[in-house]
Ligand code: SRM
Ligand code: SF4
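Residue numbers (the working numbering): 694 to 1258.
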């Protein structure tokens, strides 16, 4: 049998001297705003992507200029928690080196867009100066660890956050490349040959994602990730976690070998065993993941090719213990909570809706300025949610009115009037920065929401909770395959319409109609809303209704029946 040859990225990683490549030379090259091809792959492991402004692409080509090269920077921020002084620094970096906006992502991180090569080092150094790094925010390693939104909501949430931060640190690559290239650390005798006990010399076959959920709230969409931990709270204490594995959403249009998959529930572990089981799962994927076809290199395919029983036995062997039987758990909602919520410790937390995750200063809504003002007086923390929103966390009762006034004055109070549809809608970045975008997403969202809200109002459904997700291509960065309604970009102005996920993130949606323009999408949805308004059962969610009446195709749910309450 012939062994398939490794993909070109595998060769780049293995030859990179632990992710150094020729990055220093590429950064110093004044003749281009880009990096050498191999370095453009390696810079991802350092938390940055080489992009070009696609709005300018045609014009630059016409003028025979190189593309308008620029960089995106993504932070590593397990659980998305930062202090006000860090916020002020991020804000300053966006102004000095980026495009003047901050972007909150679906994985509780910040992204800066539009950073020029000449400013990349300064921007990364400014981030590290306030103890925020970007190591492994991208690349074939464990990415930012997602955690149920607010650590101050309860003692359980705090314990889960602390464990997730420990796991994130434990899974960092050991190479000092980042510190040498960006932070001027001197090279040592080991530079380029550091031991990578978890990843090995070629790192993972593909990106790897972990999420921690605290039921009954599935705000992290726990079944969408390679590895998931569902907290079990017994007698008010964190008893351990149900472990899930094999989730992943990316697909390619027209390629049935790629598909979204929800994770399987494998069993139960105590909090002390989380690091060991995570390491066992990652090492299994490192050794058995597909290194020749990047489209088939995620853990979900490794599990499907070798079988769940094999996978469980392999990780138990590596961890040195058996998983206990899974414990019952129940999710009843996802999305974020908005407005003021009181935590167990008597402090208050303000959930803010940030549409499309974009913090910018726009006419009538100077969100960036408003958050800067809040950061100047706020004495608690900020928490990024897994759904591109923000919590001003840990506000003392006496300071509530002041923070509230600042939020209202800067248009940060959209949650007070927005429909449920608008509050929970997600859109990926897409154009103009994402090189893979086939259609608009973030920029299209506001107008799309206006039109959908008008339709819903016509059917008396304005206050109906609905999960809408828009992605500019089938890679699924807004987790669209878990939307009750999802639009997945196919070409400029055209989308696949997906319908029928449930309201708690347990069932994928299915393709309803292909390649529609917005008028056709609205017509399809108008008909669905009409039937839903007339025929739904009491309390029945939109996605569940579409499946029950046969409008949307049923896809398997991922939670075995015996685990449902
Ligand atoms: Fe993503 C690639 C943006 C969450 C699946 N994603 C990209 C890139 C870097 C495009 C690229 O490879 O050049 C996008 C950069 C756009 C830009 O201009 O900023 C991008 N992904 C995003 C973000 C910013 C979307 C957002 O609007 O919030 C999210 C950043 C998360 C973070 O902070 O780390 C983001 N991406 C996701 C998610 C959702 C999640 O992780 O919860 C998914 C689906 C889950 C999954 O991974 O299965 C996701 N992104 C992908 C994929 C498909 C991977 C696959 O298995 O096939 C790609 C393409 C790739 O890796 O080749 C991709
Ligand atoms: Fe880009 Fe596609 Fe991800 Fe949207 S879903 S950010 S278009 S890769």
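For glycine and all other residues, C-beta sits at the position ideal for the given N, C-alpha and C.
>> Restricting to runs no shorter than 3 residues, where is the beta strand (DSSP E) found entirely within the segment 728-787?
In response: 741-745, 762-767
> Could you give the distance in angstroms between the alpha-carbon of residue 741 and the alpha-carbon of residue 853?
Replying inline: 28 angstroms
> What is the DSSP secondary structure of residue 1082, reduced to helix, strand or coil?
Replying inline: Coil at residue 1082, not helix or strand.
>> Please output, in chain order, the residues near the ligand SF4 using a CB cut-off of less than 5 angstroms to any non-hydrogen atom of the ligand.
In response: Listed by chain position, these are 1121, 1122, 1123, 1127, 1129, 1130, 1164, 1165, 1166, 1168, 1170.
> So, helix, strand or coil for residue 725, using DSSP?
Replying inline: Residue 725: coil per DSSP, three-state reduction.
> Considering only the beta carbon of each residue, do residue 1012 and residue 1047 sit closer than 7 angstroms?
Replying inline: no
> At a cut-off of 6 angstroms, is residue 765 close to the ligand NAD when judged by its beta-carbon and the heavy atoms of the ligand?
Replying inline: The ligand NAD is absent from the structure shown, which contains only the ligand SRM and the ligand SF4.
>> In the DSSP output, which residue or residues are listed as bridge partners for residue 935?
In response: 923, 961
> Rounded to whole angstroms, how far is the Cβ of residue 895 from the Cβ of residue 1037, which I believe are closer than 8 angstroms?
Replying inline: Not quite, the Cβ-Cβ distance comes to about 45 angstroms (not below 8 angstroms), so this is no contact.
>> Considering Cα atoms alone, identify which of 1207, 773, 1183, 779 is closest to residue 836.
In response: 773
>> Within a Cβ cutoff of 6 angstroms, which residues of the same chain sit near residue 707, ignoring the five residues on either side of it in sequence?
In response: Only 894, 895 meet the Cβ criterion.
> Which word fits residue 1258, buried or exposed, when buried means at least 16 other C-beta atoms lie within 10 angstroms of its C-beta?
Replying inline: Confidence at residue 1258 is low in this model, with a pLDDT of 40, below 50, so its placement is unreliable and the value that follows should be read with caution. So residue 1258 ends up on the exposed side.
> Is the closest heavy atom of the ligand SRM to the C-beta of residue 1077 under 6 angstroms?
Replying inline: no
>> Considering Cα atoms alone, identify which of 912, 806, 1177, 1215 is closest to residue 1238.
In response: 1177
> Do you know whose CA, among 1029, 1124, 1086, 729, lies nearest residue 1080's CA?
Replying inline: 1029
> In this structure, does DSSP put residue 1183 in helix, strand or coil?
Replying inline: strand
> By a C-beta neighbour count over all protein chains shown, 10 Å radius and 16 as the cutoff for buried, is residue 1167 buried or exposed?
Replying inline: buried
>> Quick check on the DSSP output: the beta strand (DSSP E) that includes residue 1074 runs from which residue to which?
In response: The continuous beta strand (DSSP E) containing residue 1074 extends over residues 1074-1077.
> Which residues mark the beginning and the end of the beta strand (DSSP E) in which residue 1034 is found?
Replying inline: 1032-1035
> According to the neighbour-count rule (16 or more other Cβ atoms, all chains shown, within 10 Å of its Cβ), is residue 757 buried or exposed?
Replying inline: exposed
> Can you give the Cα-Cα distance for residue 959 and residue 1058, rounded to whole angstroms?
Replying inline: 46 angstroms
>> Rounded to whole angstroms, what is the Cα-Cα separation between residue 1082 and residue 822?
In response: 25 angstroms
> Using the rule of at least 16 other Cβ atoms within 10 Å of the residue's Cβ for burial, across every protein chain shown, is residue 1021 buried or exposed?
Replying inline: Exposed: under 16 other Cβ atoms inside 10 Å.
> So, helix, strand or coil for residue 1258, using DSSP?
Replying inline: Legend: pLDDT at residue 1258 = 40, less than 50; position of this residue unreliable, no value from coordinates given.
> Going by the C-beta, is residue 978 closer than 6 angstroms to any heavy atom of the ligand SRM?
Replying inline: Not a single heavy atom of the ligand SRM lies less than 6 angstroms from the C-beta of residue 978.
> How long is the line joining the alpha carbons of residue 906 and residue 923, rounded to whole angstroms?
Replying inline: 5 angstroms
>> Any heavy atom of the ligand SRM closer than 6 angstroms to the beta-carbon of residue 749?
In response: no
>> Here's the rule I'm using: 16 or more other beta-carbon atoms within 10 Å means buried, otherwise exposed. How should residue 1254 be labelled?
In response: For residue 1254, the predicted model reports a pLDDT of 41, less than 50, meaning its position is unreliable and no value from the coordinates is stated.
> Excluding five sequence neighbours on each side, which residues of the same chain lie with their C-beta closer than 6 angstroms to the C-beta of residue 1004?
Replying inline: 996
> Using the C-alpha atoms, what's the distance from residue 1086 back to residue 845?
Replying inline: 8 angstroms
> Looking at the unbroken alpha helix (DSSP H) that takes in residue 1116, where does it start and where does it end?
Replying inline: Counting along the chain, residue 1116 sits inside the alpha helix (DSSP H) bounded by residues 1113-1117.
> For residue 826, which of 841, 861, 793, 975 has the nearest alpha-carbon?
Replying inline: Here the closest residue by C-alpha is 861.
> Roughly how many angstroms separate the alpha carbons of residue 1172 and residue 1127, rounded to a whole number?
Replying inline: 16 angstroms
> Which same chain residues, not among the five before or five after residue 819, have their C-beta less than 6 angstroms away from its C-beta?
Replying inline: 786
>> Is residue 1262 near the ligand SRM - that is, is its Cβ less than 6 angstroms away from at least one heavy atom of it?
In response: A question about residue 1262 goes unanswered here, because the residues of the chain that appear run from 694 up to 1258.
> residue 771 and residue 858 look like a contact to me (Cβ under 8 angstroms); what is the Cβ gap, rounded to whole Å?
Replying inline: 5 angstroms
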